[in-house]
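Under the UniProt record's numbering, the letters of the sequence shown match residues 1 to 520, in that order.
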Amino acid sequence: MPQTLKLASRASLLTRGFPEIWAELGFKAPARVIKTHKTLEDMPGPSALGFFTDLFCKRGLARLHELQIEGKAKYGPVWKASFGPILTVHVAEPSLIEQVLRQEGKHPIRSDLSSWKDYRVCRGHAYGLLTAEGEEWQKIRSILGKHMLKPKEVESYTGTLNGVVSDLIRRLQHQRSRHQQHVARSAQRLETDLPEGPSPPHAPNTSPPQGISSVLFESRIGCLEPEVPKETETFIRSINRMFVMTLLTMAMPKFLHRVFPKPWKIFCESWDYMFAFGESKGHIDKRMTEVAEKVSRGETVEGKYLTYYLAQEKLSMKSIYGNVTELLLAGVDTISSTLSWSLYELSRHPRVQAALHEEITGVMKGGAVPSAADVAQMPLLKAVVKEALRLYPVIPSNARVISDRDIQVGEYLIPRKTLITLCHYATSRDARFFPEPDSFKPERWLQKDASHHPYASIPFGVGKRSCIGRRIAELEVHLALARILMHFEVKPEPEQGPVRPMTRTLLVPEKDINLQFVSR
Numbered sequence: 001m002p003q004t005l006k007l008a009s010r011a012s013l014l015t016r017g018f019p020e021i022w023a024e025l026g027f028k029a030p031a032r033v034i035k036t037h038k039t040l041e042d043m044p045g046p047s048a049l050g051f052f053t054d055l056f057c058k059r060g061l062a063r064l065h066e067l068q069i070e071g072k073a074k075y076g077p078v079w080k081a082s083f084g085p086i087l088t089v090h091v092a093e094p095s096l097i098e099q100v101l102r103q104e105g106k107h108p109i110r111s112d113l114s115s116w117k118d119y120r121v122c123r124g125h126a127y128g129l130l131t132a133e134g135e136e137w138q139k140i141r142s143i144l145g146k147h148m149l150k151p152k153e154v155e156s157y158t159g160t161l162n163g164v165v166s167d168l169i170r171r172l173q174h175q176r177s178r179h180q181q182h183v184a185r186s187a188q189r190l191e192t193d194l195p196e197g198p199s200p201p202h203a204p205n206t207s208p209p210q211g212i213s214s215v216l217f218e219s220r221i222g223c224l225e226p227e228v229p230k231e232t233e234t235f236i237r238s239i240n241r242m243f244v245m246t247l248l249t250m251a252m253p254k255f256l257h258r259v260f261p262k263p264w265k266i267f268c269e270s271w272d273y274m275f276a277f278g279e280s281k282g283h284i285d286k287r288m289t290e291v292a293e294k295v296s297r298g299e300t301v302e303g304k305y306l307t308y309y310l311a312q313e314k315l316s317m318k319s320i321y322g323n324v325t326e327l328l329l330a331g332v333d334t335i336s337s338t339l340s341w342s343l344y345e346l347s348r349h350p351r352v353q354a355a356l357h358e359e360i361t362g363v364m365k366g367g368a369v370p371s372a373a374d375v376a377q378m379p380l381l382k383a384v385v386k387e388a389l390r391l392y393p394v395i396p397s398n399a400r401v402i403s404d405r406d407i408q409v410g411e412y413l414i415p416r417k418t419l420i421t422l423c424h425y426a427t428s429r430d431a432r433f434f435p436e437p438d439s440f441k442p443e444r445w446l447q448k449d450a451s452h453h454p455y456a457s458i459p460f461g462v463g464k465r466s467c468i469g470r471r472i473a474e475l476e477v478h479l480a481l482a483r484i485l486m487h488f489e490v491k492p493e494p495e496q497g498p499v500r501p502m503t504r505t506l507l508v509p510e511k512d513i514n515l516q517f518v519s520r
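Shown next as structure tokens:
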């Protein structure tokens with residue numbers, strides 16, 4: 001009998017479910033587990049080999065922004081991919097980007113930037129605003145925010161920024177005097193923005209941070225002079241090389257740095273010069289010495305420059321060096337790229353340029369130098385810049401790491417410490433939110449449009465970890481565009497074909513933007 005029961009139980013396993021068997025034997029059936037969220041295992045995406053092939057063989061890192069659009073078309077608004085040893089979740093839907101940013105917590109982490117941190121540990125340098133985390137990051141952000149985020153504080157930099165723009169205008173006029181129809185590249189000689197994040201690499205002939213040096217030191221570094229100082233050119237090349245090597249060193253597991261040492265060596269040498277430029281070239285030490293001498297003599301320290309404000313907060317010189325170096329590199333390419341793209345599109349759309357010139361001259365009424373108050377009365381000027389940033393966001397993708405908890409993104413539960421890439425380039429060229437998404441249409445920003453999702457085009461980011469220099473950057477590019485168009489009509493070089501963007505951490509022109517500046 002027992003043997004018969006045993007055989008019957010085995011047979012029942014083939015014809016009946018476990019709950020019935022358990023009930024027959026007198027056990028309570030286990031609770032049914034209902035899966036409410038999908039996991040990383042359920043998420044679509046290319047194989048590691050497929051993504052590597054697309055990235056390094058078929059397209060290269062320069063086309064990284066285009067992979068956003070292709071990934072969304074193939075896998076949907078959320079997909080995963082491995083960049084070297086790093087698994088990243090890509091999010092390319094405005095509502096889901098908003099969902100991520102609303103869960104970022106008290107001390108959001110932008111991304112790991114492991115190679116940047118490894119360098120600082122190796123050389124004993126302090127973290128700055130781009131690399132610091134937690135309470136250290138919050139302290140620095142609070143100090144700088146007082147002087148960079150308040151509208152009235154930003155307006156007080158108008159004179160400093162207009163001085164840099166005056167240098168730019170003189171540079172353009174000097175070039176025209178040497179060549180009647182000179183193919184000018186000087187629009188790429190001005191920059192200021194301080195994006196708080198992996199700052200990303202440069203286009204060929206990227207120009208030095210003249211504007212940001214004025215804001216940091218209240219002095220210039222000579223990049224708009226007829227002869228650019230050799231150390232300034234080396235500084236720019238160092239930043240360019242560092243950004244290119246950032247992508248390579250982060251994609252390589254650390255053990256490969258010993259097998260293939262050249263990328264890491266170039267990366268470190270580039271950072272070495274960047275720190276030396278701020279320290280030993282006297283830009284920081286000089287200003288701090290001048291301040292100390294004035295204080296010792298009982299004199300009042302006047303002027304607005306960020307190095308002084310950092311020192312007033314009793315930060316160590318090591319921390320000041322780290323922060324100023326990171327702010328300097330963050331200023332390269334951001335304003336120059338936005339200004340170059342704006343002039344490029346205006347040269348290709350003469351009707352928009354004519355309307356903008358009319359707006360500027362109407363507000364200025366013969367005045368020579370616009371102010372922040374004048375810019376506030378130029379809606380088309382602001383729309384032109386917004387549209388240039390929509391088409392060519394300085395940072396084509398942003399990132400977040402939620403370190404303290406798992407978060408929900410759409411139908412997926414994303415584990416804590418997962419790198420999440422926010423695909424701004426893909427959302428800003430989505431036809432659902434921007435009809436004719438590849439066309440330059442500044443007028444789209446002059447009317448309220450229900451289809452514009454507020455997170456579809458966010459070139460400066462949103463939230464605590466957004467670009468701390470946004471207001472200064474916008475003011476400088478507005479002042480520069482207004483004054484350039486007051487002096488010149490901008491035309492494309494006849495032999496200049498279309499210019500495409502490429503990724504060098506930042507989104508930059510793949511070749512020089514050559515323009516003609518014709519005196520009005």
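Even for Gly, the Cβ is constructed at its ideal location relative to N, Cα and C.
For the beta strand (DSSP E) containing residue i, list its first residue and its last residue.
i      : result
Ser115 : Taken as a continuous stretch (DSSP letters only), Ser115 belongs to no beta strand (DSSP E), being part of the alpha helix (DSSP H) at Ser114 to Arg123.
Ile402 : Where Ile402 is concerned, there is no enclosing beta strand (DSSP E), given that its DSSP letter is neither H nor E.
Thr421 : Leu419 to Leu422
His90  : Ile86 to Val91
Tell me, which residues are paired with residue i by DSSP?
i      : result
Tyr412 : Lys38 and Val409
Met502 : Val508
Gln175 : Beta-bridge pairing links Gln175 to no other residue.
Ser519 : Phe488
Trp79  : His90
Lys109 : The sequence as given places Ile at residue 109; Lys does not occur at that position. DSSP lists Val401 as partners of Ile109.
Short check: CB of residue i to CB of residue j, under 8 Å?
i      : j      : result
Leu481 : Val91  : no
Val154 : Arg471 : yes
Pro85  : Pro253 : yes
Ala388 : Ser457 : no
Phe235 : Phe277 : yes
Arg390 : Phe434 : yes
Tyr392 : Leu507 : yes
Pro263 : Leu248 : yes
His478 : Leu381 : yes
Gln516 : Glu493 : yes
Ser115 : Thr246 : yes
Thr418 : Val89  : yes
Gly45  : Tyr75  : yes
Tell me, to the nearest whole angstrom, how far the beta carbon of residue i is from that of residue j; I am working on the premise that it is less than 8 Å.
i           : j      : result
Ile402      : Gln103 : 6 Å
Leu96       : Gly410 : 5 Å
Gly145      : Ile468 : 6 Å
Glu313      : Val385 : So it is not a contact: roughly 32 Å between Cβ atoms.
Ile360      : Leu485 : 6 Å
Arg400      : Ile109 : 7 Å
residue 531 : Tyr425 : The structure shown does not extend to residue 531, since the chain is modelled only from 1 to 520, so the question has no answer here.
Ala383      : Pro442 : 4 Å
Thr404      : Arg416 : Thr is not the amino acid found at residue 404; the sequence shown has Asp there. Indeed they touch by this definition, with Cβ atoms about 6 Å apart.
Determine the extent of the alpha helix (DSSP H) in which residue i is found, giving its start and end residues.
i      : result
Val375 : Ala372 to Val375
Val154 : Pro151 to Glu155
Trp445 : No alpha helix (DSSP H) contains Trp445, which DSSP labels as neither H nor E.
Tyr344 : Thr334 to Arg348
Gly331 : Met317 to Gly331
Lys386 : Pro379 to Leu391
Phe255 : Phe255 to Val259
Gly145 : Gly134 to Met148
Leu241 : The residue you asked about is not Leu; residue 241 is Arg in the sequence shown. Arg241 -> alpha helix (DSSP H) spans Lys230 to Ala251.
Taking 7 Å as the line, does the beta carbon of residue i fall inside it for any heavy atom of the ligand SAH?
i      : result
Ala388 : The model depicted lacks the ligand SAH and carries no ligand whatsoever.
*Could you say if the segment 118 to 134 and the segment 451 to 464 meet the contact criterion of at least three C-beta pairs nearer than 8 Å?*
no
*asked:* Under 8 Å: do the segment 334 to 350 and the segment 131 to 145 share three or more Cβ pairs, one atom per stretch?
replied: no
*Would the segment 365 to 382 and the segment 59 to 68 be scored as touching if the rule is three or more Cβ pairs under 8 Å?*
no
*Three or more C-beta pairs closer than 8 Å, one from the segment 481 to 492 and one from the segment 348 to 361: is that the case here?*
yes
*For the 8 Å Cβ check, are there 3 or more pairs between the segment 312 to 330 and the segment 109 to 126?*
Yes: at least three Cβ pairs fall under 8 Å.
*Does the pairing of the segment 392 to 402 with the segment 36 to 43 give three or more beta-carbon distances under 8 Å?*
no
*Could you tell me whether the segment 234 to 241 touches the segment 262 to 280, using the rule of 3 or more Cβ pairs below 8 Å?*
yes
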